[in-house]
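**Student:**
Residue numbers (the working numbering): -12 to 78.
(1) Which one of 62, 61, 21, 70 has the shortest CA to CA distance from residue 43?
(2) Would DSSP call residue 4 helix, strand or coil?
(3) Any beta-carbon of chain C closer than 9 Å to the one on residue 76?
(4) What is the DSSP secondary structure of residue 76, reduced to helix, strand or coil?
(5) Does the distance from the C-beta atom of residue 13 to that of residue 2 stay below 9 Å?
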């Protein structure tokens, strides 16, 4: 049995004892670890490979419902662009 298989078994055994919320945190941390290669300036062998990795990352964020944490983008944009009363010039 290789080192990777042993580590995978150790991880599986450790995760089995966790509560569901803790398991979700482990998944979030795994996503973070996978994203580190992007931040470190990983060189992709092809543009297609880069696109596949980015698509998987975006899909993972969508599955986790990350966008909902920020609310409705259209509503935010309307609020930001709303005219505001001008203050009188005091100069």
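For every residue, glycine included, the Cβ atom is placed at its ideal position computed from N, Cα and C.
**Tutor:** To lay it out plainly:
(1) The shortest C-alpha separation from residue 43 is found at 21.
(2) In the three-state DSSP reduction, residue 4 falls in the coil class, being neither helix nor strand.
(3) Protein chain content of the structure displayed is limited to a single chain, and chain C is not contained in it.
(4) Looking at residue 76 - three-state DSSP - the assignment turns out to be coil, as it is neither helix nor strand.
(5) Yes, the pair counts as a contact, with Cβ atoms nearer than the cut-off.
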